[in-house]
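A short worksheet on the structure shown next.
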Amino acid sequence: ADAPVAMSAAGAAGSIAVPIKAMYFVDGTWLFYSMFGRNKFRCPIINKYGQGWLESYRVEWGGMRDSIRDSLAEFLPGRLVDVIRVVVFGSVRRDTHPSSARIRMFKDMQKAGFEV
């Protein structure tokens, strides 16, 4: 199969492909409860890694950006995809302990370059 023709910003055939710029919004509260709030019968993470998985494993949040990029690129063959920003929104109660799984998740996301 022929390689896709690169398009310029104006849409004419050219030599430079214009990447798709993507920005993602993540519902951090939903994500937290999906990952940490399910019981052992409904949680695929617990079923795969065990009840205390958080003590033995770490989530590599930086890989989330790459996974999103790769998934989007599958739907746009021949186009470059650039995830320019990931914004995480959510809520935390004031009395939440600083070492709680919820606070750690948000801090780890910040370390991975997400806006929280």
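Sequence positions in the sequence shown follow our numbering and run 425 to 540. Beta carbons are placed, not taken as given, at the ideal position from N, Cα and C, and that holds for glycine.
Annotated as proximal: residue 505 and residue 493, with beta-carbon spacing under 7 Å. If you ignore the 5 residues before and after residue 453, its C-beta comes within less than 7 Å of the C-beta of 514 and 515, all in its own chain and listed in chain order.
Fewer than three beta-carbon pairs drawn from the region 454-471 and the region 484-502 are found closer than 8 Å, and the two stretches are therefore not classed as touching. One Cα belongs to residue 444, the other to residue 539, and the distance between them is close to 20 Å. Going by beta carbons, residue 510 and residue 528 fall outside the 7 Å limit. Distance between residue 499 and residue 442, taken at the CA atoms: about 16 Å.
Going by beta carbons, residue 456 and residue 526 fall inside the 7 Å limit. Within the same chain, 526 and 527 come within 7 Å of residue 520 by CB-CB distance, once the 5 residues on both sides are set aside.
Under the three-state reduction of DSSP output, residue 536 falls in the coil class, being neither helix nor strand.
DSSP places residue 497 inside the alpha helix (DSSP H), whose first and last residues are 486-499. Straight across, the Cα-Cα distance linking residue 523 with residue 460 is about 15 Å. With a 10 Å radius around the Cβ and a threshold of 16 neighbouring Cβ atoms, residue 449 comes out exposed.
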